[in-house]
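Sequential numbering of the sequence shown, starting at 51, is according to this note's numbering.
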Amino acid sequence: MNGKDICEALRNIRRSIASANDIDYTPAVCAHEGDCSGTCPRCESELRYIERQLLRRTAMGKKVAIAGLALGAASLMPMHAQQVVPTTPAATAEQPKPRIVDAAPGDTTAVVVRGKVIDRTDQMECIGASVILQGTKLGTATDYDGNFAIRVPVGSKLIISYVGYNDYEYTVNESSADSEVLIPLEDNGRTLMGEVVIVNPMPAVDADIYLPDVPR
């Protein structure tokens, strides 16, 4: 079994887990040419996304189907890949950066804010969190790694929201473009009991909002 075969096997495992647990998941198309190690940053991001959605499902009182078996197999596959892939070096795909959404067209003083949205308690990334420029319908959503990039005016405010969490307000300043902004969201404590409707991890937003790398 070569790296490509292992990559496909892992993708099928993730797809099976998602299907069995009503998780919205569309695997990325691999554009890597030649052999590989069987995993890459994008594959690992997708696995973290599945794990995150399973945790949220458990928190809402829903049962998790085949999680232990499938995730266990997924974690072992990269190790197997290291044993069977030829000794020739294989390239590793670079993790794509989130596309910059311009919410301030024509504003020459605007800055690009790059950030990561996480759960304050467990530090896990919030995938599909909504990042909106206050007072507008312009914004974006976080990718598989909880990252986002948006160009906004200095002095403006970003409203970050995510299902099950309190909204977070971030004020943009000139130094916002100098480093990655960490946005810790706090669970609002509203535990759902009984019959639960699974919510799509991608928040419902206006059509004007560009949503990079969010599973549909």
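For glycine and all other residues, C-beta sits at the position ideal for the given N, C-alpha and C.
Computed from a prediction, not measured in an experiment: that's the story for all the values here.
Beta carbon of residue i nearer than 9 Å to that of residue j
i    : j    : result
P148 : T190 : yes
S206 : T221 : yes
R102 : E175 : yes
E96  : Y212 : no
S229 : V161 : no
L235 : N223 : no
G214 : R106 : yes
Neighbourhood of residue i by C-beta, 6 Å cutoff - its chain only, sequence neighbours within 5 removed
i    : result
I233 : G165, V167, I210 and Y218
F198 : P148, G165, V181, T190 and T192
Q184 : K207 and I209
Q173 : none
Cα-Cα separation, residue i to residue j
i    : j    : result
I67  : I73  : 8 Å
P203 : T171 : 30 Å
V151 : R201 : 6 Å
G177 : G196 : Residue 177 is actually Ile in this sequence, not Gly. One C-alpha to the other measures close to 5 Å.
D55  : G239 : 43 Å
R64  : R92  : 13 Å
A70  : L188 : 34 Å
D274 : G111 : What is shown of the chain runs 51 to 266, which leaves residue 274 out entirely.
A179 : C86  : 31 Å
A59  : V163 : 37 Å
E94  : V231 : 22 Å
D237 : R98  : 19 Å
Contacts around residue i, its chain only, beta-carbon distance under 8 Å, and the 5 residues preceding and following it disregarded
i    : result
L242 : Since pLDDT at L242 reaches only 46, below the 50 mark, its modelled position is unreliable, and the value read off the structure follows with that caveat. M110 and G111, listed in sequence order.
Q133 : Confidence in Q133 is poor, its pLDDT being 44 and thus under 50, which makes the residue's placement too unreliable to answer from.
Cutoff 7 Å; reference residue i; Cβ partners in own chain excluding five residues on either side
i    : result
I100 : R64, I67, A68, I73 and Y75
Residue i Cβ short of 8 Å to the ligand HEM heavy atom set
i    : result
A179 : Among the components of this structure there are no ligands whatsoever, and the ligand HEM is therefore not found.
- Task: Please determine if the segment 74-81 and the segment 154-167 are in contact, where contact requires at least 3 C-beta pairs separated by less than 8 Å.
- Result: Touching, no, given that fewer than three Cβ pairs across the two stretches are closer than 8 Å.
- Query: For the segment 147-180, which segments carrying the beta strand (DSSP E) assignment without a break, of at least 3 residues, lie completely within its bounds, in sequence order?
  - Reply: Taking 3 residues as the minimum length, the beta strand (DSSP E) runs contained wholly in the segment 147-180 are 161-169, in order along the chain.
- Where are the alpha helix (DSSP H) runs, 4 residues long or more, that stay fully inside the segment 185-215, in chain order? With a minimum length of 4 residues, no continuous alpha helix (DSSP H) run stays inside the segment 185-215.
- Item | Minimum length 3: unbroken beta strand (DSSP E) runs contained in the segment 60-84 | As far as the segment 60-84 is concerned, it has no whole beta strand (DSSP E) run of at least 3 residues.
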